[in-house]
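Asker: Using this note's numbering, you'd call the opening residue of the sequence shown number 187 and step up by one each time.
Don't be surprised by glycine CBs; every beta carbon is placed ideally from N, CA and C.
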Amino acid sequence: MQDLLHRITAGVPARVFGATFALGLLGGAVFLWIGVPLGMLIGSLVCVATAAAAGLRVFGALPAVPMRWRDVLVPVIGVAIGASVPADPLAQAAGWWVSLLALLAFVPLVHWAGYLAYRRMGRMDPVTAFYASMPGGFIEALSMGEKAGAEPQMLVMLQFTRIVLCIISVPLAFALVTGQAVGSGSGLVLPGQEDPLGALDALTLVAMAGLGWWGAVRLRVPAPVLIGPMALSGFAHAMGWIHAAPPDWAILLTQWVIGTSLGTRFAGMAPGRLWLALRLATLYVVAAMGLAVAIALALSGPVGEPVPAVILAFAPGGISEMSLVALSLQMGAVYVTLHHLLRIVLAVLFARAGASLMPGVADRQSCR
Numbered sequence: 187m188q189d190l191l192h193r194i195t196a197g198v199p200a201r202v203f204g205a206t207f208a209l210g211l212l213g214g215a216v217f218l219w220i221g222v223p224l225g226m227l228i229g230s231l232v233c234v235a236t237a238a239a240a241g242l243r244v245f246g247a248l249p250a251v252p253m254r255w256r257d258v259l260v261p262v263i264g265v266a267i268g269a270s271v272p273a274d275p276l277a278q279a280a281g282w283w284v285s286l287l288a289l290l291a292f293v294p295l296v297h298w299a300g301y302l303a304y305r306r307m308g309r310m311d312p313v314t315a316f317y318a319s320m321p322g323g324f325i326e327a328l329s330m331g332e333k334a335g336a337e338p339q340m341l342v343m344l345q346f347t348r349i350v351l352c353i354i355s356v357p358l359a360f361a362l363v364t365g366q367a368v369g370s371g372s373g374l375v376l377p378g379q380e381d382p383l384g385a386l387d388a389l390t391l392v393a394m395a396g397l398g399w400w401g402a403v404r405l406r407v408p409a410p411v412l413i414g415p416m417a418l419s420g421f422a423h424a425m426g427w428i429h430a431a432p433p434d435w436a437i438l439l440t441q442w443v444i445g446t447s448l449g450t451r452f453a454g455m456a457p458g459r460l461w462l463a464l465r466l467a468t469l470y471v472v473a474a475m476g477l478a479v480a481i482a483l484a485l486s487g488p489v490g491e492p493v494p495a496v497i498l499a500f501a502p503g504g505i506s507e508m509s510l511v512a513l514s515l516q517m518g519a520v521y522v523t524l525h526h527l528l529r530i531v532l533a534v535l536f537a538r539a540g541a542s543l544m545p546g547v548a549d550r551q552s553c554r
């Protein structure tokens with residue numbers, strides 16, 4: 187029994203993760219109260235990240251939660267996105283190929299610009315700068331970078347702050363530019379949420395989440411915890427076999443757990459190095475988002491999606507987090523997720539190809 191409990195909690199004491207989640211809930215509640223878009227996600231992230239970076243200890247330990255719990259809730263995002271798939275998905279996606287092709291230029295351009303900035307402004311070695319500037323594939327970037335000899339802590343900080351800054355800045359920017367509430371804050375509801383969720387519907391959604399995740403893992407699909415449930419849910423909804431969607435409280439719960447989990451990643455980071463990573467990652471995100479805005483203004487018409495949805499599709503955040511943002515803001519969640527999936531694949535492919543051509547990176551790899 188003790189071994190099972192240790193596995194479930196990943197060795198994190200119950201009072202520590204309980205206090206950490208309570209801190210995240212407090213931050214989320216405050217941000218929801220003041221009307222911040224995605225208040226539960228951003229509020230829990232900011233509150234826990236601030237406490238973790240400041241070295242605040244709860245019951246003698248830095249803020250911490252079992253990271254596996256995040257994976258248990260990510261399928262909720264996938265199932266909810268699948269619920270928004272229309273009966274004629276191919277007709278809706280007819281023009282998407284234009285912006286999907288644009289990723290072939292976007293990914294290497296952002297990677298190259300980030301590499302130059304990290305080398306010249308951050309004075310980093312070539313290997314760390316190269317893998318830290320990958321615009322997607324967080325786990326893949328860390329794995330390839332460490333094997334090639336990158337500095338692990340700075341690599342983690344730059345890749346992680348890229349994701350966090352996208353999560354925080356994109357929803358806030360949309361609200362500031364439009365001057366209006368977005369997503370659920372504007373009174374919109376997700377497709378399938380109009381009707382009460384029955385017990386059979388709930389069991390069906392849970393089954394689709396589990397089966398989709400399991401199937402995607404077996405098929406070695408990228409981001410299986412999200413893509414599998416999304417694909418199975420999307421197929422079932424498009425066929426008309428089910429019309430239900432996860433309720434608002436499930437989306438809020440997912441925001442809370444993901445935001446709190448991300449916030450704990452700032453624990454133990456040296457303040458000086460963290461500040462440098464934040465400055466460099468901010469420049470990176472500003473440049474990437476500037477290019478994303480330009481692409482969105484040019485391609486919104488041809489792809490048949492609103493400008494904010496195209497911007498979100500090119501935002502260099504994590505696929506699960508950006509899909510949650512798209513879902514919560516009601517901005518073409520299927521469109522956004524598909525683009526982020528391709529962005530991750532391209533980022534890894536370009537990194538593997540480019541590593542053999544980059545001065546300093548190729549040399550370090552050949553020595554290993």
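1) For Ala247, which of helix, strand or coil comes out of DSSP?
2) So Leu289 packs on Ala467, CB below 8 Å; how close in whole Å?
3) Measure the alpha-carbon distance for Arg451 versus Gln339 and round it to whole angstroms.
4) For Pro408 versus Ile530, is the C-beta spacing smaller than 7 Å?
5) Could you give the first and the last residue of the continuous alpha helix (DSSP H) run that contains Ala619?
6) Please specify which runs of the alpha helix (DSSP H), each continuous and at least 4 residues long, are wholly inside the segment 197-253, giving them in chain order.
7) Which whole-angstrom value describes the C-beta separation of Ile437 and Ala215, a residue pair presumed to lie in contact below a C-beta threshold of 8 Å?
8) On the criterion of 16 or more Cβ atoms from any shown chain inside 10 Å, does Met489 qualify as buried, or is it exposed?
9) Around the C-beta of Ala237, are 16 or more other C-beta atoms found within 10 angstroms, so that it is buried, or is it exposed?
10) Can you tell which of Gln278, Leu302, Val403 and Leu212 has its C-alpha closest to the C-alpha of Glu491?
11) Run the CB neighbour count on Phe500, radius 10 Å, all protein chains shown included, and call it buried at 16 or more, exposed below.
12) Figure out for me which residue from Asp434, Trp400 and Arg406 has the closest Cα to the Cα of Leu418.
13) Looking only at C-alpha atoms, which of Gly264, Val232 and Tyr470 sits nearest to Tyr521?
14) Can you give me the C-alpha to C-alpha distance between Arg201 and Phe245, rounded to a whole angstrom?
15) Grab me the residues of Ala280's own chain with a C-beta within less than 6 Å of its C-beta, minus the 5 sequence neighbours each way, in chain order.
16) Taking 6 Å as the limit between beta carbons, can you name the residues of its chain near Asp387, skipping five residues before and five after?
17) Out of Gly322, Asp311 and Pro433, point me to the one whose CA is closest to Gly384's CA.
18) Should Pro249 be labelled buried (16 or more other beta-carbon atoms within 10 Å of its own) or exposed?
19) Going by CA-CA distance only, name the one from Val471, Gly449, Val472 and Val496 that's closest to Leu483.
20) Take Ala286 as the anchor and find which of Leu528, Ala537 and Val472 has the nearest alpha-carbon.
21) Kindly indicate which residue of Ala395, Leu412 and Met330 has the alpha-carbon position closest to the one of Leu535.
22) Which first and last residues belong to the alpha helix (DSSP H) in which His525 is found?
23) Look at the alpha carbon of Ala395 and the alpha carbon of Leu362, and state the distance between them as a whole number of angstroms.
24) Taking just the CA atoms, how far does Ala359 sit from Val232?
25) For Arg309, report the span of its alpha helix (DSSP H) as first-last.
26) Could you tell me the alpha carbon to alpha carbon distance between Thr390 and Pro494, rounded to whole angstroms?
27) When every heavy atom of the ligand MG is checked, does at least one fall within less than 6 Å of the C-beta of Trp255?
28) I need the straight-line Cα distance from Arg538 to Leu469, nearest angstrom please.
29) Would you grab the beta carbon distance between Trp442 and Met226 for me? Rounded to a whole angstrom, and I think it's under 8 Å.
30) What number of angstroms, rounded off, separates the C-alpha of Val198 from the C-alpha of Val251?
31) What residue does the alpha helix (DSSP H) around Met508 start on, and which one ends it?
32) Out of curiosity, what's the CA-to-CA distance linking Val350 and Leu448?
33) How is the alpha helix (DSSP H) around Ile481 delimited, first residue to last?
Answerer: This is what the structure holds:
1) In this structure, Ala247 counts as strand in the three-state DSSP scheme.
2) Actually they are not in contact, since the Cβ atoms of Leu289 and Ala467 sit about 21 Å apart, beyond 8 Å.
3) Using only the alpha carbons, I get a separation of about 11 Å.
4) Yes, the pair counts as a contact, with Cβ atoms nearer than the cut-off.
5) With the chain running from 187 to 554 in the structure shown, residue 619 is simply not present.
6) Under the rule that a run must span 4 or more residues, the alpha helix (DSSP H) segments found entirely inside the segment 197-253 read 200-219 and 225-239.
7) Wrong, their Cβ atoms sit about 15 Å apart, outside the cutoff.
8) The question names Met, yet the displayed sequence has Val at residue 489. Per the 10 Å Cβ criterion, buried.
9) So Ala237 counts as buried.
10) Nearest neighbour of Glu491 by Cα position, chosen from Gln278, Leu302, Val403 and Leu212, turns out to be Gln278.
11) When all chains shown are included, Phe500 counts as buried.
12) Its Cα nearest to that of Leu418, the residue Trp400 stands out among Asp434, Trp400 and Arg406.
13) Closest option to Tyr521, judged by alpha-carbon separation, among Gly264, Val232 and Tyr470: Gly264.
14) Between the alpha carbons of Arg201 and Phe245 lies a gap of roughly 7 Å.
15) Same-chain partners within the cutoff: there are none.
16) These residues qualify, in order along the chain: Ala430.
17) With distances taken between Cα atoms, Gly384 lies closest to Pro433.
18) It is buried - the Cβ of Pro249 has at least 16 other Cβ atoms within 10 Å.
19) Closest by alpha carbon: Val496.
20) Per the sequence presented here, residue 286 reads as Leu, with Ala not at that position. For Leu286, the closest C-alpha among the options Leu528, Ala537 and Val472 is that of Leu528.
21) Answer by Cα proximity: Met330.
22) From DSSP, the alpha helix (DSSP H) with His525 extends over Ala519 to Ala541.
23) Looking at the two C-alpha atoms, the distance is approximately 35 Å.
24) Taking the straight line from one Cα to the other gives about 16 Å.
25) Counting along the chain, no alpha helix (DSSP H) covers Arg309, and no H or E run does either.
26) Those two C-alpha atoms are separated by around 32 Å.
27) Absence of the ligand MG from the depicted structure is noted, as is the absence of any ligand whatsoever, leaving it without description.
28) The C-alpha of Leu469 is placed about 24 Å away from the C-alpha of Arg538.
29) With a beta-carbon spacing of about 5 Å, Trp442 and Met226 fall inside the 8 Å limit used to define contacts.
30) One C-alpha to the other measures close to 6 Å.
31) Per DSSP, the unbroken alpha helix (DSSP H) holding Met508 starts and ends at Ile505 to Leu515.
32) Taking the straight line joining both Cα atoms gives about 8 Å.
33) Pro457 to Val489 is the span of the alpha helix (DSSP H), which, as asked, contains Ile481.
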